[in-house]
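Novice:
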Amino acid sequence: AALIRGDVAVGTNVWNRCDVTAHVPAMVDIVRLAEGIRTAFELPSAPRYAVDEIPDVDWVVKVQSAWKPIVAHGFVLRFPWHTEEDVAEAIGNHETSPHTEYATITLQGGIAFGTGEHPTTRLCLKFLKDILTTTSDGEEEQGESPKITKLLDYGSGSGVLGLAACSLSPELTSVGVDIDADAVAIANANAEINGLPMTSYLPAQKVIDSGDAESASVMMRGAAANAVETLPPDLDDAPCFDACAANILAGPLIGLASTLADMVKPGGKIGLSGILEPQAQNVVNAYSEFFEDVEVAGSEGGWVLITGRKAK
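Just so you know, we're using the numbering used here here: the sequence shown kicks off at 955 and counts up by one.
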């Protein structure tokens, strides 16, 4: 039922017209529900509404059948319900070379961002592939960067980027950071499912304390509910990461420039996405204070990847 309330605004920051869609069992009395809403919000009349019938289908099966494995830059991102035939079909539809080797990562379904469908995830996967693989003559593409054995995945969501990095190098461990405690729990579960050395945390306590009180309270309640921890001091007090991938949004990334710079070792590489093309220059300017060779290194669908190297 779509309940349309257009006459009264209650409280602050409410639009003059609010369209609300609610899914309710077929046996619910819609007239009585609308009257209850009128009473609760002290409206002069019941809200206008329209009722749509929803077909009785197995929505889990329907969604799963529509969500195919994602193939991108040498990685296959699959969900637990995908069969080997599903994976083979996805690779066959994507493959340009019959001899391509793929690293396969299984991701839980859930609310955490990062399934590989979004261009920013694919841009970051390419960044990781580029810095962790070797050139045709056997020389490392990392150049003068330190050997990458510890990666920071900031804004880790499902953990897909950190897990992808671990899948490419047996010597590498990843640390994820996310403000969403549910996402942290999902990322840690994904690491366990894949048997990869990645641990995710909420931001360091000092970062939480520096934000607004409401956000800090939400994060700490989430931490308690999901049994997740904040980033330990030994991972935050000094530069200890050889590289960083951060797929967030332009605004938060600009605010995090000094934080990420403090966490990445001199010479370490950084790959940033979640940035729209018109926002790119502002992000480049913010990170050029701490990193060298900061530039737009790739783009897809209006989104960009920005890379740089920590100044020595």
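Built from N, CA and C at the ideal position, the CB exists for glycine as well.
Do G1205 and K1264 have their C-beta atoms within less than 7 Å of each other?
Specialist: Within the sequence shown, residue 1205 is the residue found at index 251, counting from 1. Within the sequence shown, residue 1264 is the residue found at index 310, counting from 1. No, the Cβ-Cβ distance between G1205 and K1264 is not below 7 Å.
Novice: Hey, how far is the Cα of F1244 from the Cα of K1104?
Specialist: Here residue 1244 is taken as the residue at index 290 of the sequence shown, counted from 1. Here residue 1104 is taken as the residue at index 150 of the sequence shown, counted from 1. Whole-angstrom Cα-Cα distance: 20 Å.
Novice: Whole angstroms is fine: what's the gap from I1133's alpha carbon to H1072's?
Specialist: What you label residue 1133 is simply residue 179 of the sequence shown in a count that begins at 1. What you label residue 1072 is simply residue 118 of the sequence shown in a count that begins at 1. C-alpha separation (whole angstroms): 20 Å.
Novice: What does G1130 pair with, by DSSP beta-bridge criteria?
Specialist: By one-based count along the sequence shown, residue 1130 stands at place 176. Beta-bridge pairing links G1130 to D1107 and S1154.
Novice: For L987, which three-state DSSP category applies?
Specialist: For this step, residue 987 is matched to residue 33 along the sequence shown. Helix at L987.
Novice: Quick check: what's the CA-CA separation for G1116 versus I1059?
Specialist: The sequence position of residue 1116 within the sequence shown is 162, counting from 1. The sequence position of residue 1059 within the sequence shown is 105, counting from 1. Distance between G1116 and I1059, taken at the CA atoms: about 11 Å.
Novice: For my contact list, T1074 and S1227 are in at a C-beta cut-off of 8 Å; report their separation, rounded to the angstrom.
Specialist: Your numbering for residue 1074 matches position 120 in the sequence shown. Your numbering for residue 1227 matches position 273 in the sequence shown. That belief holds up - the Cβ atoms of T1074 and S1227 are roughly 4 Å apart, short of 8 Å.
Novice: Does the beta-carbon of M981 have 16 or more other beta-carbons within 10 angstroms, so that it is buried, or is it exposed?
Specialist: The residue given as residue 981 occupies position 27 in the sequence shown. Answer is exposed; the Cβ neighbour count stays below 16.
Novice: Locate the alpha helix (DSSP H) running through S1121, then write down its first and last residues.
Specialist: Position 167 of the sequence shown holds residue 1121. Segment V1114 to L1122, the alpha helix (DSSP H) holding S1121.
Novice: Taking Cβ to Cβ, would you say C1198 is nearer than 7 Å to L1150?
Specialist: Translated into the one-based positions of the sequence shown, residue 1198 becomes position 244. Translated into the one-based positions of the sequence shown, residue 1150 becomes position 196. No, the pair does not count as a contact, with Cβ atoms beyond the cut-off.
Novice: How is the alpha helix (DSSP H) around D1190 delimited, first residue to last?
Specialist: Within the sequence shown, numbered from 1, the residue matching residue 1190 stands at position 236. Neither: D1190 is in no alpha helix (DSSP H) and is coded neither H nor E.
Novice: Could you tell me which residues DSSP puts in a beta bridge with R992?
Specialist: Reading the sequence shown from its first residue, position 38 is the one you call residue 992. DSSP, once it has assigned bridges, lists no residue as partnering R992.
Novice: Contact check, V1041 vs V1030 under 8 Å by CB: the rounded distance?
Specialist: Taking the first residue of the sequence shown as 1, we reach residue 1041 at position 87. Taking the first residue of the sequence shown as 1, we reach residue 1030 at position 76. About 6 Å; that satisfies the 8 Å criterion.
Novice: Using the C-alpha atoms, what's the distance from L1126 back to A963?
Specialist: Here the question's residue 963 lines up with position 9 in the sequence shown. Here the question's residue 1126 lines up with position 172 in the sequence shown. In this prediction, A963 scores a pLDDT of 42, lower than 50, which makes its location untrustworthy; the coordinate-derived value is nonetheless stated afterwards. The alpha-carbon separation between A963 and L1126 amounts to approximately 54 Å.
Novice: Give me the residue from L1210, S1212, M1217 and A1181 with the minimum Cα distance to D1191.
Specialist: On the sequence shown, residue 1191 is found 237 positions in, with the first residue counted as 1. Answer by Cα proximity: M1217.
Novice: Starting from V1005, trace the alpha helix (DSSP H) both ways and give me its first and last residue.
Specialist: Here residue 1005 refers to the residue found at position 51 of the sequence shown. Taken as a continuous stretch (DSSP letters only), V1005 belongs to no alpha helix (DSSP H), as it is neither H nor E.
Novice: Pull the bridge partners of G1209 from the DSSP assignment, please.
Specialist: Counting from 1 along the sequence shown, the entry for residue 1209 is found at position 255. Paired residues: none, contrary to the question.
Novice: Alpha carbon to alpha carbon, how far is V974 from A988?
Specialist: Your numbering for residue 974 matches position 20 in the sequence shown. Your numbering for residue 988 matches position 34 in the sequence shown. Straight-line Cα distance between these residues: approximately 12 Å.
Novice: For the candidate residues T1037, G1256, K1219 and G1209, whose alpha-carbon lies nearest to that of Y1241?
Specialist: By one-based count along the sequence shown, residue 1241 stands at place 287. Checking every option, the nearest Cα to that of Y1241 belongs to G1209.
Novice: So for K1101, helix, strand or coil by DSSP?
Specialist: The sequence position of residue 1101 within the sequence shown is 147, counting from 1. Coil at K1101, not helix or strand.
Novice: Whole-angstrom Cβ separation of G1225 and T1261, contact assumed at under 8 Å?
Specialist: In the sequence shown, counting from the first residue as 1, residue 1225 sits at position 271. In the sequence shown, counting from the first residue as 1, residue 1261 sits at position 307. The beta carbons of G1225 and T1261 sit about 5 Å from each other, so the pair counts as a contact at 8 Å.
Novice: So L1106 packs on V1138, CB below 8 Å; how close in whole Å?
Specialist: Walking along the sequence shown from the start, residue 1106 turns up at place 152. Walking along the sequence shown from the start, residue 1138 turns up at place 184. 14 Å between Cβ atoms; not a contact.
Novice: For K1266, which residues from the same chain have a beta carbon less than 6 Å from its beta carbon, with the 5 sequence-adjacent residues on both sides left out?
Specialist: By one-based count along the sequence shown, residue 1266 stands at place 312. These residues qualify, in order along the chain: P1220 and G1221.
Novice: Please state the DSSP three-state secondary structure of D1040.
Specialist: Position 86 of the sequence shown, counted from the start, is the residue given in the question as residue 1040. Of the three classes helix, strand and coil, the one that applies to D1040 here is helix, per DSSP.
Novice: Got a sec? Which residues, its chain only, sit under 8 Å from E1249 by beta carbon, not counting five neighbours each side?
Specialist: Taking the sequence shown and counting its residues from 1, one reaches residue 1249 at position 295. Counting only Cβ-Cβ distances below 8 Å, and skipping sequence neighbours, we find V1238, I1260, T1261 and G1262.
Novice: Hey, how far is the Cα of D1188 from the Cα of F1195?
Specialist: For the purposes of this step, residue 1188 is identified with residue 234 of the sequence shown, where counting begins at 1. For the purposes of this step, residue 1195 is identified with residue 241 of the sequence shown, where counting begins at 1. Distance between the alpha carbons of D1188 and F1195: 11 Å.
Novice: To which residues does DSSP link L1268 through a beta bridge?
Specialist: Nothing about residue 1268 can be read from this structure; the chain reaches only from 955 to 1266.
Novice: Answer with buried or exposed for Q1096, where buried requires no fewer than 16 other C-beta atoms within 10 angstroms of its C-beta.
Specialist: Taking the first residue of the sequence shown as position 1, residue 1096 is located at position 142. Note that Q1096 scores a pLDDT of 43, beneath 50, so its modelled location is shaky and nothing firm can be said.
Novice: Under a three-way DSSP split, which group does F1245 fall into?
Specialist: Reading the sequence shown from its first residue, position 291 is the one you call residue 1245. F1245 falls in the strand class under three-state DSSP.
Novice: To which residues does DSSP link G1225 through a beta bridge?
Specialist: By one-based count along the sequence shown, residue 1225 stands at place 271. Answer is A1199 and T1261, bridged to G1225.
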